Every structure is written in C-alpha cells, then in structure tokens.
C-alpha cells in the first residue's frame with residue numbers, strides 16, 4: 033500500500049522495490065481493496081484508483097508471488113490462535129514464514145502494522161517496520 037499512496041513510510045518503502053520482492057498472492061486482492069476503501073472514505077481520489085490497480089498488477093508480475101496453499105492456510109489458522117491478527121494478515125505472515133523456510137537466504141518481512149510486525153517477530157522473522 034505504501035508504495036502506491038503518499039503516506040507515512042512511502043519514502044522508506046520505494047527503495048525496497050529495487051531488490052527482489054515477494055508477496056502473497058492475496059496481495060492482488062488485499063491492496064486494491066484497501067485502495068478502494070480509502071477512495072470511498074475520501075482519502076484518495078476515486079479517479080486515480082484504476083491506474084493504481086493496474087500498477088499493482090504490473091508490479092506483481094515482477095515479484096515472487098507466493099501461492100496460498102493448504103500449508104499456508106493451516107499455518108495462518110495457527111497464527112490467529114497465537115496472535116491478534118486479521119485473517120489476511122495471518123495469511124500474509126504464513127506465506128512469508130513458509131517462503132523463509134524454503135529460501136536459501138534470509139528474508140525480511142516488511143510491514144507497517146504493529147500487531148503484524150510483533151507477530152512476525154515473535155515467530156522468528158526478521159522484521160522491518162515501516163511507518
């Protein structure tokens with residue numbers, strides 16, 4: 033979200049996309065939904081949202097997209113029993129933890145949500161809190 037909207041953390045997030053970025057497949061729905069909500073609430077001009085969504089689709093084609101499989105859903109279910117997470121946040125974290133377990137190098141979990149970053153840290157992830 034912070035890549036597409038000028039808000040606290042925008043300037044910190046943009047350079048991160050010069051590196052290899054991974055995102056859960058649900059980001060293709062979660063980020064446009066957040067943009068649409070912000071437009072409905074008057075925080076973003078509605079006319080600009082379609083172009084932002086096109087940009088998200090283009091950006092995701094350049095990312096490592098982590099598919100949401102049964103193992104991610106099982107882990108997400110476990111995470112919500114241990115941490116005060118929203119469903120999409122739990123799935124995002126589960127996908128990141130599973131990717132980290134498979135990766136040859138350490139990954140950094142980047143987020144702006146305090147509860148999500150706390151849960152990620154508690155689960156042993158290296159966390160970069162933005163904003």
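Residue numbers (our numbering): 33 to 163.
Every residue, glycine too, gets a C-beta built ideally from N, C-alpha and C.
Just so we're clear, the structure is a prediction, and the values are computed from it rather than from any experiment.
Range covered by the beta strand (DSSP E) that runs through residue i
i           : result
residue 54  : 54-56
residue 158 : 158-161
Spatial neighbours of residue i in its chain, beta-carbon cut-off 7 Å, leaving aside the 5 residues before and after
i          : result
residue 56 : 98, 100, 123, 124 and 127
Minimum Cβ-Cβ distance from residue i to chain D less than 7 Å
i          : result
residue 84 : Given the protein chain composition of this structure (a single chain), no chain D is represented.
Near the ligand NAP: residue i beta-carbon under 6 Å from a heavy atom
i           : result
residue 150 : Within the structure as shown, the ligand NAP is missing, as the structure has no ligands at all.
Delimiting residues of the alpha helix (DSSP H) encompassing residue i
i           : result
residue 89  : 81-92
residue 114 : 102-114
residue 67  : 59-72
Straight-line gap, residue i to residue j (C-alpha atoms, nearest Å)
i           : j           : result
residue 50  : residue 95  : 11 Å
residue 93  : residue 45  : 18 Å
residue 89  : residue 70  : 18 Å
residue 53  : residue 156 : 19 Å
residue 163 : residue 103 : 30 Å
residue 48  : residue 73  : 28 Å
Other residues of its chain near residue i: CB distance less than 6 Å, five sequence neighbours each side excluded
i           : result
residue 67  : 81 and 84
residue 140 : 158 and 160
Residue environment, residue i, which counts as buried when at least 16 other CB atoms sit within 10 Å
i           : result
residue 59  : buried
residue 121 : buried
residue 142 : buried
residue 86  : exposed
residue 61  : exposed
residue 110 : exposed
Please confirm if the region 112-123 is in contact with the region 135-151, defined as three or more CB-CB distances below 8 Å between the two stretches. At 8 Å Cβ cutoff, the stretches touch.
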